[in-house]
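Report on the structure given below.
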Amino acid sequence: DQQVKQNSPSLSVQEGRISILNCDYTNSMFDYFLWYKKYPAEGPTFLISISSIKDKNEDGRFTVFLNKSAKHLSLHIVPSQPGDSAVYFCAASATGANSKLTFGKGITLSVRP
Amino acid sequence: DVKVTQSSRYLVKRTGEKVFLECVQDMDHENMFWYRQDPGLGLRLIYFSYDVKMKEKGDIPEGYSVSREKKERFSLILESASTNQTSMYLCASSFNNKNIQYFGAGTRLSVL
């Protein structure tokens, strides 16, 4: 049973435009959500996170939105740059889970120059 | 800066061999994790440890074991490697009660 779903395997956007990456979850115990970025042959790197007490968190070009009622979050990248081309993983955790994360399958973002 | 170091970037082993993957972190993190990443399947948790000598099974522990004798080191062991264990293996660590995990660069293991 997949508790964190990234239903679109890939996304292609033009440089300078907005990239919107979506993520859905099913476990209502999840209360903290993270996005990781992964380049080929490298480990994932932490990008941005959001607690369930918030509905938005912003860091530079990256903004994460959380809709708890819909169990949905999204990562917005504005403006998109070619260096943003990577695989993006959505992850979720629940309080008391010893920092255990449940990851989605990832989405490959391609930013066209 | 947090540093998680995996001993090998690439490894080629034969079916039936015993394989050790080593991971060391330098941030005094309590928690350490082993994942494997396969195309279309994302990151799947194999084992994790929240203290020295403690271990817990993740989602796919079959065919693997782990060892954590020191706080900074977490080893993944394939007792008898099989071809379906060909994968990218990723180690991560985190502070207790902190959700952000920091990853190593990964070990690409090929079992022939």
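As you go down the protein sequences, you meet chains A and B in turn. Numbering-wise, this note's numbering puts 64 at position 62 of the first sequence, and it's gapless, one number per residue. Numbering-wise, this note's numbering puts 142 at position 103 of the second sequence, and it's gapless, one number per residue. A virtual CB, placed ideally from N, CA and C, is assigned to each residue, including glycine.
In terms of alpha-carbon separation, which member of the options lies closest to residue i?
i	options	result
I22 (chain A)	A:K70, A:A43, A:Y34, A:P81	A:P81
D166 (chain B)	B:Y74, B:K109, B:G97, B:L148	Lying outside 40 to 151, the shown extent of chain B, residue 166 (chain B) is not represented and no answer is given.
S101 (chain A)	A:F91, A:L36, A:I20	A:L36
Give a yes or no on whether 8 angstroms exceeds the smallest Cβ distance from residue i to chain B.
i	result
K102 (chain A)	yes
Y90 (chain A)	no
S51 (chain A)	yes
S95 (chain A)	yes
Cβ closer than 9 angstroms: which chain A residues qualify as neighbours of residue i?
i	result
F142 (chain B)	Y38, K40, E44, G45, P46, T47, F48
What does DSSP give as the partner residue(s) for residue i in the beta ladder?
i	result
N138 (chain B)	Partner(s): none; N138 (chain B) has no beta bridge.
R146 (chain A)	Coverage of chain A is limited to positions 3 through 115, which leaves residue 146 (chain A) absent and any answer about it impossible.
E61 (chain B)	B:S114
N70 (chain B)	B:S133
Name the chain A residues whose beta carbon is nearer than 7 angstroms to that of residue i?
i	result
K137 (chain B)	S101
Of all the CB atoms in chain A, is at least one closer than 8 angstroms to the CB of residue i?
i	result
S133 (chain B)	yes
F87 (chain B)	yes
L50 (chain B)	no
G145 (chain B)	yes
Give the interface partners of residue i over in chain A, defined as CB-CB distance under 8 angstroms, in chain order.
i	result
L154 (chain B)	In the structure as shown, chain B begins at 40 and stops at 151. Residue 154 (chain B) is therefore absent and cannot be evaluated.
L129 (chain B)	G45, P46
Mind pulling the chain B residues with CB within less than 8 angstroms of residue i?
i	result
Y34 (chain A)	N138
Using 8 angstroms as the Cβ pair cut-off and three pairs as the minimum, do the segment 47 to 66 of chain B and the segment 27 to 40 of chain A touch?
With the cut-off at 8 angstroms, the segment 47 to 66 of chain B and the segment 27 to 40 of chain A do not touch.
Taking 8 angstroms as the threshold, find out whether the segment 57 to 64 of chain A comes into contact with the segment 3 to 23 of chain A through three or more Cβ pairs.
Result no; under three Cβ-Cβ pairs closer than 8 angstroms.
Segment contact flag, the segment 59 to 67 of chain B with the segment 101 to 111 of chain A, C-beta cutoff 8 angstroms, min 3 pairs
In this structure the segment 59 to 67 of chain B does not lie against the segment 101 to 111 of chain A, because fewer than three pairs of beta carbons, one per stretch, are closer than 8 angstroms.
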